[in-house]
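Structure, as structure tokens:
Residue numbers (full-length UniProt numbering): 1 to 104.
What follows is the structure in structure tokens.
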């Protein structure tokens, strides 16, 4: 499983944030969860090394409830192999968030 965060440089500047500040919040969030199976493999891409540690997704689900995240995020993806023969699937978390929000 992987989680990818891509921030909008213009929105970061408009809102007074840097990409590193935002990524540091996410890094600390995963560190606080104390998951030894989640690592940042590339800037903004976090990978869980076991299929049973869903904390990579559950923890990230709290980000839209912060004051800053939705103001600066450009793209947000979850990659998972559902073992259906189709390999790794890329899910758009941002689109899913807004779709669910419309239903509520």
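In this text, a Cβ means the ideal position worked out from N, Cα and C, and glycines have one as well.
Query, Result
"Tell me which same chain residues have a C-beta within less than 7 angstroms of the C-beta of residue 30, skipping the five on either side of it?", "38, 46 and 59"
"If you run the structure through DSSP and keep just helix, strand and coil, what is residue 28?", "helix"
"If you measure between the beta carbons of residue 74 and residue 2, is that distance less than 9 angstroms?", "no"
"To which residues of the same chain is residue 63 closer than 6 angstroms at the C-beta, ignoring the five residues directly before and after it?", "69"
"Taking just the CA atoms, how far does residue 71 sit from residue 14?", "9 angstroms"
"Judging by CA-CA distance, which residue of 67, 65, 49 and 103 is the nearest neighbour of residue 105?", "This structure does not reach residue 105, given that the chain is present from 1 up to 104, and the question cannot be answered."
"Assuming contact is defined by CB atoms lying nearer than 9 angstroms, are residue 57 and residue 76 in contact in what I supplied?", "no"
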